[in-house]
Amino acid sequence: MKKFKTESKRLLNLMINSIYTNREIFLRELISNASDALDKLYIASLTNRNVKVSRDELGIGLAFDAEARTITVSDNGIGMSRDSLDKNLGTIAHSGSLEFKVEQEEADKGSKAAEPAEDTEKADESAQDTPENSAEPGGEAEAATEAKATDERKGEAIDLIGQFGVGFYSGFMVASEVRVISRAYEEEQAWMWKSNGIDGYDLKEASRPEHGTDVILTLKPDSDEEDFSLFLSEAELSYLVKKYSNYVRYPIRMEVTRRRELPKPADAGEDYTPEYESYQETETLNSMTPIWKRRKSEVSEEEYAEFYKSDFHDHAAPVATFTINAEGALNYDALLFIPSHAPFDLYSKDFEKGLALYSSNVMIMEKCPDLLPDHFNFVRGVVDSADLDLNISRETLQKNNQLRAMARRIEKKIISELSTLMAKDRETYEGVFECFGRSMKYGIYTSYGALKDTLAPLLLYYSAKEEKMVSLQEYLDAAPSEQEAVYYAAGEDEALLARMPMVKSVLARGFDVLLCVQDVDDFCLGVMGSYEEKPFKNVAGADLGLESEEEKQETEKKSQEYQELFKAMQELLDTKVSKVRLSTRLADMPAGISAEGPVSLEMERVLAAMPDGGGIKSERVLELNAEHPAFAKLVEAREGGDDGRLALLTNILYNQALLVEGLPVTDPVDFAQAIGQLLI
Ligand code: ADP
Numbered sequence: 214m215k216k217f218k219t220e221s222k223r224l225l226n227l228m229i230n231s232i233y234t235n236r237e238i239f240l241r242e243l244i245s246n247a248s249d250a251l252d253k254l255y256i257a258s259l260t261n262r263n264v265k266v267s268r269d270e271l272g273i274g275l276a277f278d279a280e281a282r283t284i285t286v287s288d289n290g291i292g293m294s295r296d297s298l299d300k301n302l303g304t305i306a307h308s309g310s311l312e313f314k315v316e317q318e319e320a321d322k323g324s325k326a327a328e329p330a331e332d333t334e335k336a337d338e339s340a341q342d343t344p345e346n347s348a349e350p351g352g353e354a355e356a357a358t359e360a361k362a363t364d365e366r367k368g369e370a371i372d373l374i375g376q377f378g379v380g381f382y383s384g385f386m387v388a389s390e391v392r393v394i395s396r397a398y399e400e401e402q403a404w405m406w407k408s409n410g411i412d413g414y415d416l417k418e419a420s421r422p423e424h425g426t427d428v429i430l431t432l433k434p435d436s437d438e439e440d441f442s443l444f445l446s447e448a449e450l451s452y453l454v455k456k457y458s459n460y461v462r463y464p465i466r467m468e469v470t471r472r473r474e475l476p477k478p479a480d481a482g483e484d485y486t487p488e489y490e491s492y493q494e495t496e497t498l499n500s501m502t503p504i505w506k507r508r509k510s511e512v513s514e515e516e517y518a519e520f521y522k523s524d525f526h527d528h529a530a531p532v533a534t535f536t537i538n539a540e541g542a543l544n545y546d547a548l549l550f551i552p553s554h555a556p557f558d559l560y561s562k563d564f565e566k567g568l569a570l571y572s573s574n575v576m577i578m579e580k581c582p583d584l585l586p587d588h589f590n591f592v593r594g595v596v597d598s599a600d601l602d603l604n605i606s607r608e609t610l611q612k613n614n615q616l617r618a619m620a621r622r623i624e625k626k627i628i629s630e631l632s633t634l635m636a637k638d639r640e641t642y643e644g645v646f647e648c649f650g651r652s653m654k655y656g657i658y659t660s661y662g663a664l665k666d667t668l669a670p671l672l673l674y675y676s677a678k679e680e681k682m683v684s685l686q687e688y689l690d691a692a693p694s695e696q697e698a699v700y701y702a703a704g705e706d707e708a709l710l711a712r713m714p715m716v717k718s719v720l721a722r723g724f725d726v727l728l729c730v731q732d733v734d735d736f737c738l739g740v741m742g743s744y745e746e747k748p749f750k751n752v753a754g755a756d757l758g759l760e761s762e763e764e765k766q767e768t769e770k771k772s773q774e775y776q777e778l779f780k781a782m783q784e785l786l787d788t789k790v791s792k793v794r795l796s797t798r799l800a801d802m803p804a805g806i807s808a809e810g811p812v813s814l815e816m817e818r819v820l821a822a823m824p825d826g827g828g829i830k831s832e833r834v835l836e837l838n839a840e841h842p843a844f845a846k847l848v849e850a851r852e853g854g855d856d857g858r859l860a861l862l863t864n865i866l867y868n869q870a871l872l873v874e875g876l877p878v879t880d881p882v883d884f885a886q887a888i889g890q891l892l893i
């Protein structure tokens, strides 16, 4: 037996026990190695006339034997000679693939700068390779040019999955023994490498009918903590292939057992029960062509919808699909979807946002949160890049600026797609906004308004005047020139808000009011402050500044007259209000409540519903309508010195104003008794 070097042993131990957090990825790693081995042979066939393989013959086999507890991953790729087995599998962290990639890149540099003779030869070969190239499973069917053939060859090489030289050893997370039987292309002799992953490995002669490699894992025995037998099933293996390796470019085939109904015998009676037989069938487990690598014009809407539904487990097709094909410092493809409805947990803390991240067609992360900003947490999709600097376990990315660059571009794309949808298909956009608008509003709020310029143009609100959803721009476009502010009312229900006296009084002046019914609205508009330099004003705010100078003076005069009354009422209401005063905007209501200062009534209501937000109160003002007959009654009670009656009327007016505002009545029993007394 050859011993692993001490460093290797330590590394192996580290690998098996700590590099990977997820055991099941061993299959992904072995399949990726097989795919690399196939790529290498295929690339060799493009560059070397003596290597005669057609792409259609290349494939990966997957098999398991429940009794022997083995899983086998096979490929008919380039294979390994005795030397390669020794070098690649005997030395941990030696990557044959990286070596291959470097050689390819060197060759490529060479082909650009080298002597003319070599150049001509290469060009010839490339030209000859054209038909092969056009049969690429990447899907590009158009005739390839010389330049493209060279490019693709380069692309293939650079697209190899492995580069760290450790993936293979992940097999030891689940296996007590790994055997590798391999025969290099154009060699007669096959070799077997065998190891328990602890001390060292054996290398001896073996036989294999053709070039390629079988990796045979003997699974560890099950223990109380770990159930390795789980992997010995058709369902689990096919699930793992679909999860991680669905878009590997070569078919991954497995023998599966099927059941079929036997033909009904001619003499079968009434009570015939069907009989079944089992049979074996070879199934291709992966779908191979990554749909995001195909041009958008070549993929039908149905195909996108099918992909979305199966990969993102949704029963409904997405409302919008868009792609990014970025080329430059960082090459990547993204395929993004806007779902037609919100998942049930979108607004719960358990919701995980993110896009699926692939590197060279292999899944690295199911939901990479850094690719999506919180305000677009509802977007689903895939990002694939061969250029990512992955860490050694390929579970995470190493450099965050790559992610940041992609995230920025993705965000821009989402914004432009949403704007287009808003302009071109308003009805659909309104549906999207109804489901996901809250995320955008939260985005503005939680960024303290920093995202205002980005997101405000995407917002919609219900217009009391138009009785439909309008954008802030549409609201301003329709506003009369003398209008100084964007008016809104916030509460729980549009119909109730529409009937509020304060809404009606603003509408009566010819100004529209946006009716906001989401918890976040008042906060979001609060941090935005203004839109196109027009301040947002809550119609329930104490000072809307809508009265004319004359009206103001008149109110002022009357207020002076009734100062005594207001003081008495305020004393009766104690700390419940900070002020009692006259108002001209109460329409046919005797009284209303407004708020002064930074906390609005709606904010108080929303905060009170939160687990620890109950302590925050608005500064309430009780407004009285001097034109209403009830006001005369107040004056009468005060002037007649009937304190009991004044207290009763104050109580009723205050509480009914709360009810109209949608605020809770502090003491309903007391309020009911007050009304009862009034009825006597
Ligand atoms: P990586 O794939 O990151 O290079 P691995 O530890 O997975 O590292 O594999 C080490 C090397 O062993 C690979 O680079 C490759 O040269 C070789 N190898 C592994 N599996 C196969 C295979 N199925 N066919 C041919 N060569 C293989």
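Plus 213 on top of the position in the sequence shown (first one is 1) and you've got this note's numbering. By construction, the Cβ of each residue, glycine as well, lies at the ideal position given by its N, Cα and C atoms.
{"Query": "Top-ranked residue by Cα proximity to leucine 871, from Ala887, Glu849, Phe844 and Val834", "Result": "Val834"}
{"Query": "Phenylalanine 646 burial status per 10 Å Cβ neighbour count (16 or more: buried)", "Result": "buried"}
{"Query": "Alpha-carbon to alpha-carbon, methionine 405 and lysine 417", "Result": "5 Å"}
{"Query": "Rounded straight-line distance, which links the Cα of glutamine 869 to that of arginine 851", "Result": "20 Å"}
{"Query": "Separation of glycine 828 from serine 791, as counted between CA atoms", "Result": "17 Å"}
{"Query": "Where arginine 593 falls, given that 16 or more other Cβ within 10 Å makes a residue buried", "Result": "buried"}
{"Query": "Inter-residue spacing [alpha-carbon to alpha-carbon] between tyrosine 896 and glutamine 317", "Result": "No answer is possible for residue 896: it lies beyond the span of the chain, which begins at 214 and ends at 893."}
{"Query": "Enclosing beta strand (DSSP E) for aspartate 415 [first to last residue]", "Result": "413 to 419"}
{"Query": "Check: leucine 302 C-beta below 7 Å from any heavy atom of ligand 1", "Result": "yes"}
{"Query": "Near ligand 1: isoleucine 577 beta-carbon under 7 Å from a heavy atom", "Result": "no"}
{"Query": "Minimum length 4: unbroken alpha helix (DSSP H) runs contained in the region 438 to 512", "Result": "447 to 458"}
{"Query": "Same chain only: Cβ atoms within 6 Å of leucine 892, ignoring 5 sequence neighbours per side", "Result": "none"}
{"Query": "Continuous beta strand (DSSP E) stretch holding valine 391: start and end", "Result": "388 to 396"}
{"Query": "CA nearest to the CA of aspartate 583, picked from Asp546, Glu624 and Ile551", "Result": "Glu624"}
{"Query": "Spatially closest choice to isoleucine 273 from Val461, Val595 and Gly644, by CA coordinates", "Result": "Val461"}
{"Query": "Proximal residues to proline 521 (C-beta, below 6 Å), its chain only, five neighbours per side dropped", "Result": "Note that residue 521 is tyrosine in the sequence shown here, rather than proline. Cβ within range, chain order: Pro531 and Phe550."}
{"Query": "Residue from Thr659, Leu738, Asn574 and Glu769 with nearest C-alpha to tyrosine 674", "Result": "Leu738"}
{"Query": "Enclosing alpha helix (DSSP H) for asparagine 868 [first to last residue]", "Result": "856 to 874"}
{"Query": "Isoleucine 893 - DSSP class collapsed to helix/strand/coil", "Result": "coil"}
{"Query": "Tyrosine 489 versus glutamate 474: straight-line alpha-carbon distance, rounded", "Result": "4 Å"}
{"Query": "Three-state secondary structure (DSSP) of isoleucine 896", "Result": "Coverage of the chain is limited to positions 214 through 893, which leaves residue 896 absent and any answer about it impossible."}
{"Query": "Short Cβ contact (8 Å threshold) for valine 286 with alanine 320", "Result": "no"}
{"Query": "Assigned exposure category for isoleucine 905 - 16 Cβ within 10 Å defines buried", "Result": "Outside the modelled stretch of the chain, which goes from 214 to 893, sits residue 905, for which no answer is possible."}
{"Query": "Threonine 431, DSSP secondary structure in three states", "Result": "strand"}
{"Query": "Alpha carbon of phenylalanine 242 to alpha carbon of serine 831, nearest angstrom", "Result": "Looking at the sequence shown, residue 242 is not phenylalanine but glutamate. Using only the alpha carbons, I get a separation of about 60 Å."}
{"Query": "Close beta carbons around methionine 782, own chain, < 6 Å, minus the five adjacent residues each side", "Result": "Val793 and Thr863"}
{"Query": "Local Cβ density within 10 Å of proline 478, reported as buried at 16 or more and exposed below that", "Result": "exposed"}
{"Query": "Under 8 Å between C-beta atoms of methionine 816 and aspartate 735", "Result": "yes"}
{"Query": "Cβ-heavy atom distance, isoleucine 291 to ligand 1, below 7 Å", "Result": "yes"}
{"Query": "Of the listed residues Arg858, Glu849, Thr797 and Leu859, nearest to alanine 839 (C-alpha basis)", "Result": "Thr797"}
{"Query": "Delimiting residues of the alpha helix (DSSP H) encompassing phenylalanine 646", "Result": "639 to 659"}
{"Query": "Buried/exposed call for aspartate 296, threshold 16 Cβ in 10 Å", "Result": "exposed"}
{"Query": "Chain-order list of residues whose beta-carbon lies under 7 Å from that of methionine 713 (same chain, five-residue window excluded)", "Result": "Ala702 and Val873"}
{"Query": "Length-filtered (4 minimum) alpha helix (DSSP H) runs lying within the region 232 to 281", "Result": "238 to 260"}
{"Query": "Cα-Cα separation between glycine 723 and proline 693, rounded to whole angstroms", "Result": "8 Å"}
{"Query": "Buried/exposed call for histidine 424, threshold 16 Cβ in 10 Å", "Result": "buried"}
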